[in-house]
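Under our numbering, residues 7 to 91 are what the sequence shown spells out, in order. In this text, a Cβ means the ideal position worked out from N, Cα and C, and glycines have one as well.
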Amino acid sequence: MAKPWFVYILHCSDDSLYTGITTNIERRLLEHNQGGVKSAKYTRNRLPVKMVHHEQCQCRSSATKREMAIKKLTKKKKLQLIAAS
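See the structure below:
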């Protein structure tokens, strides 16, 4: 059976939100907060970050589609999604 993929939302220190995908949410959060080459450029100057939402998906394709859908939401809608989880 394939590893599940996760879509996640991070809350950054400047009050912005970052959305991404991974197969290991604990490792990915650590990579973001270390600020090294494995972190996203967007989060490097917005540390620390906190994971505020995640969803499990069946495969990378569905995770990517969900990531794109979340990225298209307004910040208000993203905050509603976070509050509902």
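Across the set Leu53, Lys78, Ser91 and Pro10, the C-alpha of Pro10 shows the shortest separation from the C-alpha of Asn30. Boundaries of the alpha helix (DSSP H) around Leu87: Lys81 to Ala90. Just so you know, the alpha carbons of Gln62 and Glu73 end up roughly 11 Å apart. The segment 45-55 and the segment 75-87 do not touch, with fewer than three beta-carbon pairs separated by less than 8 Å. In the DSSP annotation of this structure, the continuous segment of the alpha helix (DSSP H) that includes Leu35 starts and ends at Ile31 to Gln40. For Ala46, the closest C-alpha among the options Val58, Cys18 and Gln64 is that of Cys18. Residue pairing for Met57: DSSP places it in a beta bridge opposite Leu16. For Asp20, same chain residues with a beta-carbon under 6 Å away, outside a window of 5 residues either side, are Arg52 in chain order.
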